[in-house]
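The sequence shown begins at 186 in the numbering used here and counts up by one.
From the three backbone atoms N, C-alpha and C, an ideal C-beta is built for every residue, glycine too.
Please read the structure below before turning to the comments.
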Amino acid sequence: MRYSLFMITRDITGELMQSAREYPAVTILGPRQSGKTTLARMTFPEIPYLSLEDLDVRASADADPRGFLNQVEAGCILDEIQRLPMLLSYLQGMVDGSKGKGRFILTGSHQPQLHEAISQSLAGRTAVLTLWPFSFSEIRQYGPLPDPFDLIPRGCYPRLHEEGLDARRFYNGYLQTYIERDVRALTQLRDLSQFQKFLTLLAGRVGQVVNRASLSNDTGVSSTTIANWLSVMKASYVVFDLPPYHENVQKRVIKSPKVFFTDVGLPAFLLGIHTKEQAFRDPLRGNLYENLVISDIIKSALNRGIRPEVYFYRDSHGNEVDLIIKEGGRLTPVEIKSSETFSPGFLKGLNRFGDLRIDRVNPGVLLYNGDQQFNVHGIRIFNPLSVDNLWETLTASPG
């Protein structure tokens, strides 16, 4: 398994170290290539490292799990634990009653197997953190943050910035090596070409409400298959949902979530967007910019151990707010625009949401691609790439 050290400190490092001081085990989940292995080894260089991707290591652990774990009784980093989730049942006995903290650091890429195993064997015994690709503040450690339309086709995966890899070649390999392999591991995939078509169609719907019937018709597979594929993509941290918000769930106008990609570089690659100029001129530039910003908001929460509650809002008249953040019992409505020039029309959705008179709502925020930072009738307006921690900035108490 490939491994190289970053030259930067990940934003989640402090949360990881604190978790290791409080729990005997810490589990780091996230998409492949997001840097889980490197994070674990950089943060805990004194702990032995074992990867269950290694056939010899996995065979040894599978044949004699107790004997395998007894060899690392003092603790170790167990990489790709989803390859052998039953090992967690034996690990439970080692951490029960133990006063040692941070003995085992586990990493994994597949949500379903790990979550089931953790809930059955390690509930209350492990902290669970989620690591996504680089945040804006992490990329900034390499130098000035690129223009967002440079960043869209490049994406935020660590190796792209640490090693200066060609983004087009990276995503081609990522698609074939990781995504397709994970899909085959999690579902009965008969026709890879149909799945590839589905991925491209999904990229073309980035930031839009998921319509499984439409995807089914355009792909030529059943709606059930589309649902399964979407589930696999979420389980592998390739895409994530943004559900609709309504105070009364039964009265929601929109039932389906919007779909976004964990890293914006992948939909850009699937859409044939490989340069800044292409990203800037593409009809989906606003959707891709929104994906870039929302994913960074989520990263800035996850990197502080917060499980973010985020939604979008749309009413029966089509009035919409791109993002609703729920934190500390309060709601923060956020509108996102890719334009460099402010227009008062950008505030329409935020003003409509404010007119609903919902309790405990913070003043709205408009994130846009311009240089100026100002307020309009209490609504904060600024460039999201100008701050290090979007989550804390957006959820800060007014005043």
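Straight-line gap, residue i to residue j (C-alpha atoms, nearest Å)
i, j, result
"ALA581", "THR223", "32 Å"
"MET271", "ALA302", "7 Å"
"ARG251", "SER421", "29 Å"
"GLU347", "MET192", "8 Å"
"GLU475", "PHE446", "11 Å"
"GLN381", "PRO529", "41 Å"
"LYS443", "GLY392", "6 Å"
"PRO569", "ASN255", "49 Å"
"LEU508", "ASP332", "22 Å"
"GLY349", "THR292", "25 Å"
"ASP196", "ALA225", "13 Å"
"SER219", "TYR208", "23 Å"
"ARG537", "ASP544", "15 Å"
"PHE577", "GLY503", "With the sequence shown as reference, residue 577 is identified as Glu, and Phe is not the correct amino acid for it. Cα-Cα distance, rounded: 29 Å."
"ASN488", "ASP573", "12 Å"
"VAL506", "LEU387", "22 Å"
"PHE465", "TYR430", "30 Å"
"LEU269", "PHE253", "12 Å"
"LEU345", "THR194", "16 Å"
"LEU400", "ILE232", "47 Å"
"GLY278", "ASN560", "56 Å"
"GLN326", "VAL406", "44 Å"
"GLU200", "SER441", "33 Å"
"ASP263", "TYR498", "For the record, residue 263 in the displayed sequence is Leu; it is not Asp. When rounded, the distance between both Cα atoms is 41 Å."
"ARG375", "LYS419", "20 Å"
"VAL592", "SER485", "Residue 592 is absent from the model: the chain starts at 186 and stops at 584."
"THR385", "PHE567", "32 Å"
"GLY457", "GLU258", "49 Å"
"ASN402", "VAL417", "20 Å"
"SER245", "ALA370", "21 Å"
Among the options, the one whose alpha carbon lies nearest that of residue i
i, options, result
"ARG390", "ALA302, VAL449 and LEU508", "VAL449"
"ILE213", "GLY287, ALA244 and TYR275", "GLY287"
"ILE564", "ASP573, LEU541 and PHE531", "PHE531"
"GLY210", "ILE262, GLU231, ILE479 and PHE289", "A quick correction: the sequence has Ala, not Gly, at residue 210. Measuring from the Cα of ALA210, the nearest candidate turns out to be PHE289."
"ASP540", "TYR496, ASN554, TYR553 and ASP500", "ASP500"
"ASP556", "ARG542, ASP544 and SER571", "SER571"
"LEU455", "GLU505, GLY340 and ALA486", "GLY340"
"THR409", "THR372, ASP426 and VAL561", "THR372"
"GLU462", "CYS261, PRO318, PRO329 and PRO338", "PRO338"
"LYS221", "LEU469, ASP241, ARG515 and SER294", "SER294"
"MET579", "GLU512, ASN554 and LYS533", "Going by the sequence as given, residue 579 is Leu instead of Met. Out of GLU512, ASN554 and LYS533, GLU512 has the C-alpha closest to the C-alpha of LEU579."
"ARG542", "ARG515, LEU307, ILE266 and ASN396", "ARG515"
"VAL368", "HIS562, VAL242 and ARG217", "ARG217"
"ASP249", "PHE355, LEU276 and ALA412", "LEU276"
"VAL242", "GLU265, SER378 and LEU427", "GLU265"
"PHE229", "LEU427, CYS261, ASP335 and LEU415", "CYS261"
"SER306", "LYS533, SER274 and LEU336", "SER274"
"ASN413", "ASP403, PHE319, THR198 and ARG397", "ARG397"
Three-state secondary structure (DSSP) of residue i
i, result
"VAL449", "coil"
"ILE337", "helix"
"ASP247", "helix"
"ILE458", "coil"
"ILE566", "strand"
"GLN435", "With a pLDDT of 46 at GLN435, under the threshold of 50, the predicted position of this residue should be treated as unreliable, though the coordinate-derived value follows. Correct three-state label for GLN435: helix."
"ASP241", "helix"
"LEU316", "coil"
"THR194", "coil"
"PRO343", "helix"
"PRO429", "strand"
"GLU525", "coil"
"VAL395", "coil"
"ASN255", "helix"
"ASP148", "Any question about residue 148 goes unanswered here, given that the chain covers just 186 to 584."
"LYS286", "coil"
"THR372", "coil"
"GLN218", "coil"
"VAL572", "coil"
Residues that DSSP places opposite residue i in a beta bridge
i, result
"GLY490", "Looking at the DSSP assignment, GLY490 forms no beta bridge with any residue, so it has no partner."
"LEU263", "LEU235 and LEU291"
"LYS511", "GLU494 and LEU516"
"PHE559", "ILE566"
"THR168", "Examination of residue 168 is not possible in this model, given that the chain is present from 186 through 584 alone."
"LEU551", "GLU520 and ILE566"
"GLU505", "ARG499"
"VAL546", "LEU516"
"VAL444", "ASP426"
Residue i beta carbon near the ligand ADP (any heavy atom closer than 8 Å)
i, result
"ASN396", "This structure simply doesn't include the ligand ADP, nor any ligand for that matter."
Would the stretch 204-217 and the stretch 306-319 be scored as touching if the rule is three or more Cβ pairs under 8 Å? yes
Check whether the stretch 228-243 touches the stretch 513-525, taking contact to mean three or more Cβ pairs, one atom from each stretch, closer than 8 Å. No contact exists between the stretch 228-243 and the stretch 513-525.
Is the stretch 507-519 in contact with the stretch 547-555, if contact means three or more CB pairs nearer than 8 Å? yes
Given 8 Å as the limit, is there contact between the stretch 346-360 and the stretch 475-493, that is, 3 or more CB pairs closer than that? no
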